[in-house]
Every structure is written in structure tokens, then in C-alpha cells.
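Residue numbers in the sequence shown follow my numbering, run continuously in steps of one, and reach 117 at the last position.
Glycine included, every Cβ here is placed at the ideal spot set by N, Cα and C.
Structure record follows, encoded as C-alpha cells.
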Amino acid sequence: MGGVINARIPPRVEEKLAEYCTKRGTTRTEAIVRALDSYLDSETGGASAYSLAADLIPSRGVKEIQSGNVRELARKAFRGPRAR
Numbered sequence: 034m035g036g037v038i039n040a041r042i043p044p045r046v047e048e049k050l051a052e053y054c055t056k057r058g059t060t061r062t063e064a065i066v067r068a069l070d071s072y073l074d075s076e077t078g079g080a081s082a083y084s085l086a087a088d089l090i091p092s093r094g095v096k097e098i099q100s101g102n103v104r105e106l107a108r109k110a111f112r113g114p115r116a117r
């Protein structure tokens, strides 16, 4: 769980936020985190490769490349035609 930030926002921004959340069916926290994340990415020259691919990466990794298969993967990677 992340940290807590308290901020004062003008009433007009609060109204926009409430409208946005109602239309999208999202919480204020989710909307603010997304907006802040997007803003910070744009200010630092763009999103990182990880943040662009984060939703494509399975939470438990890909079974074929998990550490339990490391020896077999190494054997396959280094096995090849043998010169005689």
C-alpha cells in the first residue's frame, strides 16, 4: 500500500473530478492516481518501458520462463550443433 497525500483542490476542480468519476464509474483515488501518474510520465519525457507493458505482464510470470525451469532453459539455449 502506498503513502497518503492530502491536498487542497479548488471547488471547480473538485466538481470536475466528481463528474469524471461518476461518468467513468471510478473512485476519486483511482482517478487522481491515474492523472498524477500520467502527468509525471509526460513531464519526465515519457513512460518507462515497464509502465507501458505492465498490464501485459502476468502477475505470476510466464510458466515457461519461471525460475523452476532455469536449468532446462539454459540447456536448450546452449545446446546446438556441435562442431567435430
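Beta-carbon gap between residue i and residue j smaller than 7 Å
i: Tyr72; j: Ala64; result: no
Of the listed residues the options, nearest to residue i (C-alpha basis)
i: Val46; options: Arg108, Arg61 and Leu106; result: Arg61
i: Ile38; options: Thr55, Gly78, Leu50 and Val66; result: Val66
Residues near residue i by beta carbon distance below 6 Å, same chain, minus five either side
i: Asn102; result: none
Whole-angstrom distance between residue j and residue i, CA atom to CA atom
i: Glu48; j: Arg41; result: 13 Å
i: Leu106; j: Ile90; result: 20 Å
i: Asp74; j: Lys109; result: 39 Å
i: Arg112; j: Ala87; result: 32 Å
i: Thr55; j: Leu85; result: 27 Å
i: Tyr83; j: Pro44; result: 35 Å
i: Gly35; j: Arg104; result: 37 Å
i: Thr59; j: Ala68; result: 13 Å
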